[in-house]
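Participant: Here the sequence shown stands for residues 2 to 326, numbered as in this note's numbering.
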Amino acid sequence: MWRTRPGDRSGIRWRMLRRRLLSAVPVLLGVVTVAFGIVHMIPGDPVQIMLGTGGAFVDPEREAVLRHELRLDRPLPDQYLAFLAALLRGDLGKSLQTGEPVTALVAEAAGPSLALAGTALVLGLLLGAGGAVLGELTRSRLLRAMLSRLPVLAMALPAYWVATLLLQVFSFRLGLVPALGSTGPGATVLPAVTLALPLAGVVAHVLGSGLRTADRESYVLMARAKGATRARVVLRHMLRNTAVPVVTLSGTTVGSLLGGGVVAETIFGRPGLGRLIVNALQNHDYPVLQGVAAFLGITMVVISLIVDVAYTYLDPRVVSAAVWK
Numbered sequence: 002m003w004r005t006r007p008g009d010r011s012g013i014r015w016r017m018l019r020r021r022l023l024s025a026v027p028v029l030l031g032v033v034t035v036a037f038g039i040v041h042m043i044p045g046d047p048v049q050i051m052l053g054t055g056g057a058f059v060d061p062e063r064e065a066v067l068r069h070e071l072r073l074d075r076p077l078p079d080q081y082l083a084f085l086a087a088l089l090r091g092d093l094g095k096s097l098q099t100g101e102p103v104t105a106l107v108a109e110a111a112g113p114s115l116a117l118a119g120t121a122l123v124l125g126l127l128l129g130a131g132g133a134v135l136g137e138l139t140r141s142r143l144l145r146a147m148l149s150r151l152p153v154l155a156m157a158l159p160a161y162w163v164a165t166l167l168l169q170v171f172s173f174r175l176g177l178v179p180a181l182g183s184t185g186p187g188a189t190v191l192p193a194v195t196l197a198l199p200l201a202g203v204v205a206h207v208l209g210s211g212l213r214t215a216d217r218e219s220y221v222l223m224a225r226a227k228g229a230t231r232a233r234v235v236l237r238h239m240l241r242n243t244a245v246p247v248v249t250l251s252g253t254t255v256g257s258l259l260g261g262g263v264v265a266e267t268i269f270g271r272p273g274l275g276r277l278i279v280n281a282l283q284n285h286d287y288p289v290l291q292g293v294a295a296f297l298g299i300t301m302v303v304i305s306l307i308v309d310v311a312y313t314y315l316d317p318r319v320v321s322a323a324v325w326k
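#1: Taking the Cβ atom as the reference point for each residue, do Ala133 and Gly209 lie within a distance shorter than 8 Å?
#2: Between which residues of its own chain and Thr249 is the CB-CB distance below 8 Å, once the five residues before and five after are set aside?
#3: Excluding the five sequence neighbours on either side, which residues of its own chain have a C-beta within less than 7 Å of the C-beta of Ala232, listed in chain order?
#4: Check each candidate in Leu196, Arg16, Ala281 and Val190 and name the one with the smallest Cα separation from Ala110.
#5: Using beta-carbon positions only, say whether Gly298 and Ala36 come within less than 8 Å of one another.
#6: What first and last residue would you give for the alpha helix (DSSP H) that runs through Arg63?
#7: Write down every uninterrupted run of the alpha helix (DSSP H) in the region 119-165 whose length is 4 residues or greater and which is fully enclosed by it, in chain order.
#8: Spatial neighbours of Ala215 within its chain, please: C-beta separation below 7 Å, excluding the five flanking residues on both sides.
#9: Does DSSP classify Pro102 as helix, strand or coil?
#10: Give me the Cα-Cα distance between Pro288 and Val48, rounded to the nearest whole angstrom.
#11: Which residues bound the alpha helix (DSSP H) around Met223?
#12: Ends of the alpha helix (DSSP H) at Gly275?
#13: What is the residue span of the alpha helix (DSSP H) that Thr267 lies within?
#14: Sorted by chain position, which residues of the same chain lie with C-beta nearer than 7 Å to Leu126's C-beta, five sequence neighbours on each side aside?
#15: Between which two residues does the alpha helix (DSSP H) carrying Phe171 extend?
#16: What whole-angstrom Cβ distance do Val33 and Gly292 have, given they're in contact under 8 Å?
#17: Less than 7 Å between the CB of Ala83 and some heavy atom of the ligand SAH, yes or no?
#18: May I have the straight-line CA-CA distance separating Ile268 from Tyr161, to the nearest angstrom?
#19: Between which two residues does the alpha helix (DSSP H) containing Pro78 stretch?
#20: Tell me which same chain residues have a C-beta within less than 6 Å of the C-beta of Ala197, skipping the five on either side of it?
#21: Starting from the C-beta of Arg21, find all residues in its chain whose C-beta is less than 6 Å away, skip the five residues before and the five after it, and write them out in chain order.
#22: Inspect the beta-carbon positions of Gly262 and Gly275 and report whether they are closer than 8 Å.
#23: Taking just the CA atoms, how far does Leu29 sit from Ala201?
#24: Rounded C-beta distance between Leu290 and Ile278? I'm assuming under 8 Å.
#25: I'd like the list of long-range same chain contacts for Val264, defined as Cβ closer than 6 Å, with 5 residues on each side in sequence excluded.
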């Protein structure tokens, strides 16, 4: 059996990380290219759409200023290169609605969204993993049957219905948490639960299926033959070997939590990227849309790198396989 020493594993991880970083470059380029193409994929003249003229007379001077601000008065290759150069400097232009730098708007909205997405991710993982593990450990057939069906229910519930129900019960009737706003930990509870429930259902379904499959593996039978308790077998052996799909799922979910929290942010009156996207769409503020698209794409690439590194710690076979490459 091939084994690697701790020092060798560390070096292999660094080499894997360098390869992933190099492979992420074309992905990043594709992401920013899509963000650049948002304005150019708009049917019709984007400047007139942004000005909201509806075909009426447009002040030529105002139109010329807007075209210059968006670099639409240059050839397309020049526009693309200028966009890349500005992006490398952290300059995403200015909002057409407020005149503020897009970088500042995205950074301001990203903070609350990251906090909400992080809380929802942790809560969803805890609920989903806890339900899957409890369903594997319990000896009650009734409880196991209930836990096996709850994930489907959690995934099927519409987010707006869950948010409304949580507001009615915990804010308006019990008064335990504030209904609207973004200040204080209490204001994060209900929107985080709204986003976490579907994730918890998916995690419980994936992890529960993996645990049931692992229950028939030879290493589990060997551990039982050595006298290991049921809890030790599940927590020390089965859980680690079935955690890799959950890590992948968590990485891909962060992007949807960041960009897809429109319902939670709207119903609970929270600022964030979701509301920023909605406002930009309503006001045809395409520089803001470009900035948000670029930020979300870059965030997903960074998260995928973190997930790749996490694989090497959860599954040593990834490191061993890399030795032969």
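Virtual Cβ for every residue (Gly too), placed ideally from N, Cα, C.
Facilitator: Checking against the coordinates, here is how it stands:
#1: Indexing the sequence shown from 1 puts residue 133 at position 132. Indexing the sequence shown from 1 puts residue 209 at position 208. Yes, these two residues count as a Cβ contact at 8 Å.
#2: Taking the first residue of the sequence shown as 1, we reach residue 249 at position 248. Beyond the five residues adjoining it in sequence on each side, Thr249 comes within less than 8 Å, by CB distance, of Val308 in the same chain, given in chain order.
#3: If you number the sequence shown from 1, residue 232 lands on position 231. Closer than 7 Å at the Cβ level, and outside the excluded window around Ala232, lie Leu138.
#4: On the sequence shown, position 109 is the one that residue 110 refers to. Among Leu196, Arg16, Ala281 and Val190, the Cα nearest to that of Ala110 is on Ala281.
#5: Here residue 298 corresponds to residue number 297 of the sequence shown, with the count starting at 1. Here residue 36 corresponds to residue number 35 of the sequence shown, with the count starting at 1. Yes. Within cutoff.
#6: Indexing the sequence shown from 1 puts residue 63 at position 62. Pro61 to Glu70 is the extent of the alpha helix (DSSP H) around Arg63.
#7: 142-157
#8: Within the sequence shown, the letter at position 214 stands for residue 215. Around Ala215: Val221, Met239, Asn242 and Thr243.
#9: Within the sequence shown, the letter at position 101 stands for residue 102. The answer is strand: DSSP assigns Pro102 an E or B state.
#10: Within the sequence shown, the letter at position 287 stands for residue 288. Within the sequence shown, the letter at position 47 stands for residue 48. Distance between the alpha carbons of Pro288 and Val48: 12 Å.
#11: Counting from 1 along the sequence shown, the entry for residue 223 is found at position 222. Here the alpha helix (DSSP H) through Met223 covers Ser219 to Ala226.
#12: In the sequence shown, counting from the first residue as 1, residue 275 sits at position 274. Counting along the chain, the alpha helix (DSSP H) containing Gly275 begins and ends at Leu274 to Gln283.
#13: Here residue 267 refers to the residue found at position 266 of the sequence shown. Its alpha helix (DSSP H) spans residues Val263 to Ile268.
#14: Within the sequence shown, residue 126 is the residue found at index 125, counting from 1. Spatial neighbours of Leu126 in its own chain (CB-CB distance under 7 Å, excluding positions within 5 residues in sequence) are listed in chain order as Val204 and Ser251.
#15: As a working mapping, residue 171 is identified with position 170 in the sequence shown. Segment: none, Phe171 is in no alpha helix (DSSP H) and carries neither H nor E.
#16: Here residue 33 corresponds to residue number 32 of the sequence shown, with the count starting at 1. Here residue 292 corresponds to residue number 291 of the sequence shown, with the count starting at 1. Between Val33 and Gly292 a beta carbon distance of about 11 Å is seen, past the 8 Å cut, so the two are scored as non-contacting.
#17: Of the ligands one can find in the structure shown there are none, so the ligand SAH has no counterpart to examine.
#18: In the sequence shown, residue 268 corresponds to position 267, counting from 1. In the sequence shown, residue 161 corresponds to position 160, counting from 1. Those two C-alpha atoms are separated by around 8 Å.
#19: Residue numbering aside, residue 78 sits at position 77 when the sequence shown is read from its first letter. Unbroken alpha helix (DSSP H) run through Pro78: Leu77 to Leu89.
#20: On the sequence shown, position 196 is the one that residue 197 refers to. Ala121, Leu124 and Gly125.
#21: Working through the sequence shown from its first residue, we reach residue 21 at position 20. Counting only Cβ-Cβ distances below 6 Å, and skipping sequence neighbours, we find Leu306 and Asp309.
#22: Translated into the one-based positions of the sequence shown, residue 262 becomes position 261. Translated into the one-based positions of the sequence shown, residue 275 becomes position 274. The answer is yes: Cβ separation under 8 Å.
#23: Translated into the one-based positions of the sequence shown, residue 201 becomes position 200. Translated into the one-based positions of the sequence shown, residue 29 becomes position 28. Between Ala201 and Leu29, the C-alpha separation is close to 30 Å.
#24: The count along the sequence shown starts at 1 and reaches residue 290 at position 289. The count along the sequence shown starts at 1 and reaches residue 278 at position 277. Right, the Cβ-Cβ distance comes to about 7 Å (below 8 Å), so this counts as a contact.
#25: Indexing the sequence shown from 1 puts residue 264 at position 263. Ala160 and Tyr161.
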